[in-house]
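Novice: My questions will all concern the structure given below.
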């Protein structure tokens, strides 16, 4: 028999019709991060070199903020150790919208302050000589800019939420280059402060969410209050945050394995209406935090807290210990929480490696579904793969870090990053080692920054595998392969030929591949290695093969094509039967069969088996589709001598 069958991974739309919104890959957040136009990193190279002359140990932000304004006044203190023998210039970044009232260095007011766009240089009246330390206090005021240069909108924003009763909110979002839009800072990823204090004075009806623990709430004259937040964990500049509104506070406790005490989850929501809307979704933060602690190591900031501050921002931002978030669908909450490990505890050392943050957090969406809502996990992966396969080019590695839209490109930094991790898990072929490597990555690099080379080193140490080829083709390389197979069976021998065709400049993707060999009496899964452009595999098999599925468990980022099939004559096809009702929502029946099948199978559009049933003699041929996601499916009823196959739509 000769036939041609194409099994394609389709490019799914943003809102996949086969997924409920709760379980979609998190593309909405990523795409909202591309609002910023192409721009240069804020600091000039010369200014960045001046800032490298000191290493920050501590920040204290002491600010006056309100929930309906982007006007800021206050001061920021920076403690630092010298990285040079003598420091004669203290350099930092602050947007020119802000007026600098004064700068004190080691308690002495400085007279020589020069500004060039966001670069600020303070010529010290008395140079500081190592091993002495530097304490700089900068007093400033002004209205934050509105140039949409952060990952989602502005570095500092205010807006009115209109969906759940209305609330005015002011919030920060510094990633990647917008910290200087609201406070004097040093925007260099590899320089984490050892600790941070965030003090905010505001009107008494407001609450303020920020990093770490709320150590004090001080009542002040003129109907004002000061919130004093303190964190003692290392923190990158862009993860320092504030959110101000007349919030309602809703608190939970998580009890992950290994935590000495329960971990508080503090949620600042707009009002009672909002809480009623989202309470059940917010509550899922508890099992998510406990699950991720089992998979990745104990929640990294267990001595402080986790939490959420709501803001009408169109997504979420993983501020350390307190995410700023617009809603609470399952994958959004899982994604931002996972960043506490991947992005906050271990931060990418350069924006070229943003996938170490976003690809990992995206894959954590899949892991959360796999652990807590497994029915939805396969469709999540198919949708993410489909987004990548929609365009033939592009690498995970970010070449142009001046382009914010490229840094936060969903297809490459998020979806492709997640699918590369999925393939790394498949390549290792041992979940115990895969998750041990993730835990080692956290343990070795926690509180610091990492590159992809660091990740590769940890995985190679854990698995004793050489992964040079894997990272070269999937991290640095572009595109993905199309795997085309043809097969023939004769005299008890199955010969399968597989050929790869690249979509872009990477010529070949070395990989293992699984094949599901289908026979009337049952299926067999085989795993082979493809190390050449074209490979041929031979299997001894006396059962008649009726079909082969490439990568049935959907591990690979690849298009899959089956062609030129030659086998013994197939059993005759039943012509008279029909599927009813079609489309269907629940009970689905095959009517008018002229034979008695003994096997009923349902496959999704990727060829993955989603339902299989052994049928008894005279048993009605029907099944319930109620638990399947909406979409297109293929159904097959057979007995080895005859078969019926057709397709139906689940609404």
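Numbering (full-length UniProt numbering), first residue to last: 1 to 651. Quick reminder that beta carbons are idealized off the backbone N, C-alpha and C, glycines included.
(1) Where in the stretch 73–146 do unbroken runs of the beta strand (DSSP E), each at least 3 residues long, occur, reported from the N-terminal end onward?
(2) Classify residue 586 as buried or exposed, calling it buried when 16 or more other Cβ atoms lie within 10 Å of its own Cβ.
(3) With distance defined between alpha-carbon atoms, name the residue in 285, 313, 507, 370 nearest to residue 340.
(4) Using the rule of at least 16 other Cβ atoms within 10 Å of the residue's Cβ for burial, across every protein chain shown, is residue 604 buried or exposed?
(5) Using 8 Å as the limit for Cβ to Cβ distance, is residue 593 near chain C?
(6) Which class does residue 162 belong to by DSSP, given the choice of helix, strand or coil?
(7) If you follow the beta strand (DSSP E) that residue 457 is part of, which residue opens it and which one closes it?
(8) Just to check, is the beta-carbon of residue 211 closer than 7 Å to a non-hydrogen atom of the ligand PLP?
(9) Could you spell out where the alpha helix (DSSP H) holding residue 422 opens and where it closes?
(10) Do residue 528 and residue 512 have their CB atoms nearer than 8 Å?
(11) Taking 8 Å as the cut-off, decide whether the C-beta atoms of residue 134 and residue 82 are in contact.
(12) So does the stretch 342–357 actually touch the stretch 374–383, counting three or more Cβ pairs closer than 8 Å?
(13) In its own chain, which residues sit with a C-beta less than 6 Å from the C-beta of residue 583, not counting the 5 before and 5 after it?
(14) Report yes if the C-beta distance between residue 154 and residue 167 is below 8 Å; otherwise report no.
(15) Does DSSP put residue 560 in a helix, in a strand, or in coil?
(16) Rounded to whole angstroms, what's the CA-CA distance from residue 49 to residue 417? Just pull it up for me.
(17) Per DSSP, what kind of secondary structure is residue 191 in: helix, strand or coil?
(18) Using the C-alpha atoms, what's the distance from residue 363 back to residue 478?
(19) Do residue 435 and residue 295 count as a contact pair if the criterion is CB distance below 8 Å?
(20) Taking DSSP as the reference, what is the three-state secondary structure of residue 439?
(21) Would you say residue 187 and residue 42 are within 8 Å of each other, going by their C-beta atoms?
(22) Which of helix, strand or coil does DSSP assign to residue 493?
(23) Which residue from 301, 256, 264, 270 puts its Cα closest to that of residue 287?
(24) Could you tell me the distance, in whole angstroms, from the CA atom of residue 484 to the CA atom of residue 328?
(25) How would you label residue 636, buried or exposed, when you count the other beta carbons within 10 angstroms and need 16 or more for buried?
(26) On the DSSP letters alone, give me the boundaries of the beta strand (DSSP E) that residue 388 sits inside.
(27) What does the Cβ neighbour count give for residue 37, buried or exposed, with the cut at 16 atoms within 10 Å?
(28) Per DSSP, which one or two residues make a beta bridge with residue 523?
(29) Using C-beta distances below 6 Å, list every residue in its chain close to residue 244, excluding the 5 sequence neighbours before and after it, in chain order.
(30) Among 401, 430, 386, 337, which one has its Cα closest to the Cα of residue 411?
(31) With a threshold of 7 Å on Cβ separation, who are the neighbours of residue 254 within its own chain once the five nearest residues in sequence on each side are excluded?
(32) Between the stretch 506–525 and the stretch 539–556, are three or more C-beta pairs nearer than 8 Å?
(33) Where does the unbroken alpha helix (DSSP H) through residue 51 begin, and where does it stop?
(34) For a test of the three-state rule: what should DSSP assign to residue 352, helix, strand or coil?
(35) Report the residue from 458, 283, 490, 452 whose alpha carbon sits nearest the alpha carbon of residue 475.
(36) My guess is that residue 301 and residue 194 are in contact by the Cβ rule of under 8 Å, so how many angstroms apart are they, rounded?
Specialist: Short version:
(1) Entirely contained in the stretch 73–146, the beta strand (DSSP E) runs reaching 3 residues are, in chain order, 86–93, 99–105, 112–116, 119–129, 133–143.
(2) As a first step, residue 586 is located in the chain shown; it is residue number 586 there, counting from the start. It counts as exposed.
(3) Residue 340 sits at position 340 when you count from the first residue of the chain shown. For the residues 285, 313, 507, 370, the minimum Cα distance to residue 340 belongs to 285.
(4) In the chain shown, residue 604 corresponds to position 604, counting from 1. Residue 604 sits buried, since 16 or more C-beta atoms from the chains shown fall within 10 Å of its C-beta.
(5) Here chain C cannot be found, since the structure has a single protein chain.
(6) Start at 1 with the first residue of the chain shown, and residue 162 comes out as number 162. It is coil, neither helix nor strand.
(7) Walking along the chain shown from the start, residue 457 turns up at place 457. Not the beta strand (DSSP E): residue 457 falls in the alpha helix (DSSP H), residues 452–463.
(8) As far as ligands go, the structure on display features none, and thus does not contain the ligand PLP.
(9) For the purposes of this step, residue 422 is taken as residue 422 along the chain shown, with counting starting at 1. Start and end: 417–428.
(10) For the purposes of this step, residue 528 is identified with residue 528 of the chain shown, where counting begins at 1. For the purposes of this step, residue 512 is identified with residue 512 of the chain shown, where counting begins at 1. With respect to the 8 Å criterion, residue 528 and residue 512 are classified as neighbours on the basis of their beta carbons.
(11) For the purposes of this step, residue 134 is identified with residue 134 of the chain shown, where counting begins at 1. For the purposes of this step, residue 82 is identified with residue 82 of the chain shown, where counting begins at 1. Between residue 134 and residue 82, the gap from beta carbon to beta carbon is short of 8 Å.
(12) Not touching, per the Cβ criterion.
(13) Here residue 583 is taken as the residue at index 583 of the chain shown, counted from 1. The beta carbon of residue 583 sits closer than 6 Å to those of 649, 651, all from its chain and outside the five residues before and after it, given in chain order.
(14) In the chain shown, the residue the question calls residue 154 occupies position 154. In the chain shown, the residue the question calls residue 167 occupies position 167. For residue 154 and residue 167, no; Cβs fall outside 8 Å.
(15) Working through the chain shown from its first residue, we reach residue 560 at position 560. Here residue 560 sits in strand by DSSP.
(16) Taking the chain shown and counting its residues from 1, the one referred to as residue 49 is at position 49. Taking the chain shown and counting its residues from 1, the one referred to as residue 417 is at position 417. Taking the straight line joining both Cα atoms gives about 31 Å.
(17) To locate residue 191, count along the chain shown from 1; it is residue 191. Coil, per DSSP.
(18) Within the chain shown, residue 478 is the residue found at index 478, counting from 1. Within the chain shown, residue 363 is the residue found at index 363, counting from 1. CA-CA distance, residue 478 to residue 363, rounds to 20 Å.
(19) Your numbering for residue 295 matches position 295 in the chain shown. Your numbering for residue 435 matches position 435 in the chain shown. With respect to the 8 Å criterion, residue 295 and residue 435 are classified as neighbours on the basis of their beta carbons.
(20) Here the question's residue 439 lines up with position 439 in the chain shown. Residue state, collapsed to three classes: helix.
(21) Stepping through the chain shown from its first residue, residue 187 is reached at position 187. Stepping through the chain shown from its first residue, residue 42 is reached at position 42. Their beta carbons are under 8 Å apart, which means residue 187 touches residue 42 by this criterion.
(22) For this step, residue 493 is matched to residue 493 along the chain shown. Residue state for residue 493 is assigned as strand, using DSSP reduced to three classes.
(23) Along the chain shown, one-based indexing puts residue 287 at 287. Comparing alpha carbon positions, the residue from 301, 256, 264, 270 closest to residue 287 is 256.
(24) Taking the first residue of the chain shown as position 1, residue 484 is located at position 484. Taking the first residue of the chain shown as position 1, residue 328 is located at position 328. As the crow flies, the alpha-carbon of residue 484 is around 41 Å from that of residue 328.
(25) The count along the chain shown starts at 1 and reaches residue 636 at position 636. Buried.
(26) Looking up residue 388 in the chain shown gives position 388. Element bounds for residue 388: not the beta strand (DSSP E) but the alpha helix (DSSP H), 377–389.
(27) Walking along the chain shown from the start, residue 37 turns up at place 37. With a pLDDT of 40 at residue 37, under the threshold of 50, the predicted position of this residue should be treated as unreliable, and no value is reported.
(28) Along the chain shown, one-based indexing puts residue 523 at 523. DSSP output for residue 523 lists 518 as bridge partner(s).
(29) As a working note, residue 244 is residue 244 in the chain shown. For residue 244, where only same-chain residues beyond five positions count, the Cβ hits under 6 Å are 65, 67, 170, 202, 206, 208.
(30) Within the chain shown, the letter at position 411 stands for residue 411. Shortest Cα-Cα distance from residue 411 to any of 401, 430, 386, 337 involves 386.
(31) Here residue 254 corresponds to residue number 254 of the chain shown, with the count starting at 1. Excluding its 5 nearest sequence neighbours in each direction, residue 254 has C-beta neighbours in its own chain below 7 Å: 262, 263, 265, 286, 289, 290, listed in chain order.
(32) Judged by Cβ distances under 8 Å, the stretch 506–525 makes contact with the stretch 539–556, as three or more pairs qualify.
(33) Position 51 of the chain shown holds residue 51. Looking at the DSSP string, the run of the alpha helix (DSSP H) that includes residue 51 is 45–51.
(34) Against the chain shown, residue 352 aligns to sequence position 352. Residue 352 falls in the helix class under three-state DSSP.
(35) On the chain shown, residue 475 is found 475 positions in, with the first residue counted as 1. Minimum Cα distance to residue 475 is reached at 452.
(36) Here the question's residue 301 lines up with position 301 in the chain shown. Here the question's residue 194 lines up with position 194 in the chain shown. That belief does not hold up - the Cβ atoms of residue 301 and residue 194 are roughly 14 Å apart, past 8 Å.
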